[in-house]
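Numbering of the sequence shown is given in our numbering, commencing with residue 4 and proceeding in unit increments. To start, the structure itself, in structure tokens.
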Amino acid sequence: MYTLPDSKLWDGRIDNESDEKHFRFHQAVQLKNVNDLEDEHAFSLIGFECDEGVRRNKGRIGAAYAPNEIKKIIAKLPYNVGEVNTIDVGNIVCENDQLEEAQAELGHYTSKLLQLSKTPIILGGGHETLYGHYLGVRSFIGENSTLGIINIDAHFDMRDEDLPSSGTMFKQILDMDKNAGYLCLGIQEFGNTQALFKTADSYGCNYLFEEEITINNYENTFQAIDTFAEQHDYIMLTLCTDSIISSEAPGVSAPSPFGLEPKVVRNLLRYIVSKQNITSFDISEVNPRLDEHNKTVRLAANLVAEVLKHFQKVKR
């Protein structure tokens, strides 16, 4: 299911061929086989070409096309992320309906990247991407470490269904992992049934509604993030793009007319990825098939660049 990085994706304007201060991502990003990496600190972009989970969840498919489309836009952005190298290590492709196998494969390579000091930046894919992301982080940190999962999302994704999908991942994780915790930022009242709120409460999930995020200039939100991060040995971050207002992110399976503004999401990402115990990040649910003039793909690419710029900023 693993495919090598595609050099055709990394193209764009050249302002200067030798002075790195003028470089854009396509001039700076290295393309490497994930199996040939050495142990040295770098960011690693890995795609997850999958929307089988969205299909099972009766959503609108097309997110499998997102990883390469996001890379195309990132390629053209100025490389203003500091001195840390960025490597495109290729994609994991979900073949046919083999979701569980694809998630296991993503988990295998995510763990491998972490072992080699390559911070995984995962480009989904439907939000089922998160489960593969989780498998890799849990494998890396061991079963006894506490792991906090922060999800920027309009939905809990805690459906109680026999067949795993893009709507079941967090319940799957909390059912099997007693050392995992869940914080969801951006929940919408009319994005979740009463039964889902009851499930989230019964599992002890922490969550903030969309309209609560910016109260008191983010003071309450940042305090909730701080408390959650301090309660866990490690944290990981996932962004579901359908948390963003649909006028700015129309290319998603479930658009949100009352979603978060892009600058609010950017502020959340900047704050969370600066935490010293964060391991990795994924962005999911970008659907190029449903997009308007590449609006959602372009937003996703810029948010990924923001993550790279601010990841563990204090430490660097």
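Where is the CB? At the ideal position from N, CA and C, for every residue including glycine.
Lys61 and Ser256 have their C-alpha atoms some 10 Å from each other. With contacts defined by Cβ atoms closer than 8 Å, Asp160 and Met172 form a contacting pair. With respect to the 8 Å criterion, Gln315 and Ser277 are classified as neighbours on the basis of their beta carbons.
In this structure, Tyr210 and Cys187 form a Cβ contact; the two beta carbons are roughly 4 Å apart against a cut-off of 8 Å. Assigned with DSSP and collapsed to three states, Ala78 falls in coil, not helix or strand. Under the three-state reduction of DSSP output, Asn94 falls in the strand class.
Rounded to whole angstroms, Asp18 and Arg141 show a C-alpha spacing of 42 Å. A direct Cα-to-Cα measurement between Tyr82 and Thr196 gives close to 42 Å. The three-state secondary structure of Phe261, taken from DSSP, is coil. As a beta-bridge residue in DSSP terms, Asp285 pairs with Ile125, Thr241. In this structure the region 147-157 does not touch the region 41-54; the number of beta carbon pairs closer than 8 Å is below three. The C-alpha of Asp91 lies about 5 Å from the C-alpha of Leu34. The region 111-127 and the region 15-30 do not touch, with fewer than three beta-carbon pairs separated by less than 8 Å.
Under a 10 Å Cβ-count criterion, Pro8 is classified as buried, with 16 or more other Cβ atoms of the shown protein chains found around its own Cβ. Secondary structure of Ile144 (DSSP, three-state): helix. With contacts defined as CB atoms closer than 8 Å, Glu55 and Asp100 qualify as a contacting pair. The shortest C-alpha to C-alpha distance from Gln234 to any of Val307, Tyr185, Val289, Pro265 is the one to Tyr185.
Judged by DSSP secondary structure, Asn223 falls within the alpha helix (DSSP H) whose first and last residues are 222-233.
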